[in-house]
Amino acid sequence: MRHAPDGFTFDSSCVICLEDFEQLEIVRGLPCKHTFRDACVINWLLSETSNRLCPSCRFPAHDYSGINANLQLDIDDFCQMFD
Numbered sequence: 001m002r003h004a005p006d007g008f009t010f011d012s013s014c015v016i017c018l019e020d021f022e023q024l025e026i027v028r029g030l031p032c033k034h035t036f037r038d039a040c041v042i043n044w045l046l047s048e049t050s051n052r053l054c055p056s057c058r059f060p061a062h063d064y065s066g067i068n069a070n071l072q073l074d075i076d077d078f079c080q081m082f083d
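Dropping the structure here:
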């Protein structure tokens, strides 16, 4: 497991699509600090079947405590669009 800035962590692959991360790929983090491929987590958040619990640890994706401000805004915008 590699460590990203601000305590975010990521494995060698996205747990949503199971594909390996590529160098310089855009990733998005959830409040629990797990990261996923950008398109995968956006589709997951927008999915009607999403329970909004982290696919890795089941932490609520709508709990923003302790998240990087830029990531919080992105996730908040997506969640508000469908609440």
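So that you can map any letter, position 40 of the sequence shown is 40 in full-length UniProt numbering, and since no number is skipped, the others follow by simple counting.
Even for Gly, the Cβ is constructed at its ideal location relative to N, Cα and C.
Please state the DSSP three-state secondary structure of residue i.
i	result
residue 27	strand
residue 53	strand
Residue i to residue j, Cα distance in whole Å?
i	j	result
residue 16	residue 23	18 Å
residue 31	residue 43	17 Å
residue 21	residue 54	18 Å
residue 60	residue 45	11 Å
residue 26	residue 50	21 Å
residue 11	residue 47	23 Å
Decide if residue i is buried, meaning its Cβ has at least 16 other Cβ atoms within 10 Å, or exposed.
i	result
residue 57	exposed
Just to confirm my understanding: we take residue i, look at its own chain, exclude 5 residues before and 5 after, and list those with CB closer than 6 Å. What are they?
i	result
residue 41	28
Identify, in the order they occur along the chain, each residue of the same chain with its Cβ nearer than 8 Å to the Cβ of residue i, setting aside the five sequence neighbours on each side.
i	result
residue 19	13, 37
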